[in-house]
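Single-structure report; data block below.
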Amino acid sequence: MLARGPTVVIGLNLLAHPLKVKAIAEAKIKTHTIDAGTLAHFLRANLIPETYVVSKASREVKNVLRHRMFCARVKTMVENRIHALIHRHPETTRHL
-18 MLARGPTVVI GLNLLAHPLK VKAIAEAKIK THTIDAGTLA HFLRANLIPE TYVVSKASRE
42 VKNVLRHRMF CARVKTMVEN RIHALIHRHP ETTRHL
């Protein structure tokens, strides 16, 4: 028998790794009720694989480094194209 009246809900924020929670994604019958039950079962059994949430400062540093790596890759690509052109046309680039 279900209790009627006010219910106390304790907030829980948990970020699960989506690729590792395959039982929900591979289920034949997909409803919110069944998915919620599956997640509740995983939570009770401590089977939800958590994922790491990167801080905003770390994300900003990673974005700057990612852009730096992109610029270095483009620089190398341009240098390689210039060397290929010089190699392909040695007679016109002899004075360089």
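Number 74 in the working numbering belongs to position 93 of the sequence shown; there are no gaps in the numbering.
Glycine is no exception: its CB is placed at the ideal position from the N, C-alpha and C atoms.
Keep in mind that this is a model prediction, so the values were computed, not measured.
*Does the distance from the C-beta atom of L20 to that of V2 stay below 9 Å?*
The residue you call residue 20 lines up with position 39 of the sequence shown. The residue you call residue 2 lines up with position 21 of the sequence shown. Cβ distance < 9 Å, so L20 and V2 count as in contact.
*Terminal residues of the continuous alpha helix (DSSP H) containing A80?*
Any property of residue 80 remains undetermined from this structure, which presents the chain solely from -18 to 77.
*By Cβ distance below 8 Å, which residues in the same chain neighbour L(-4) in space, the five residues on each side in sequence not counted?*
In the sequence shown, counting from the first residue as 1, residue -4 sits at position 15. Cβ within range, chain order: E31, T32 and V34.
*Quick one: what's E31 bridged to in DSSP?*
Counted from its first residue, the sequence shown places residue 31 at position 50. Answer is A(-3).
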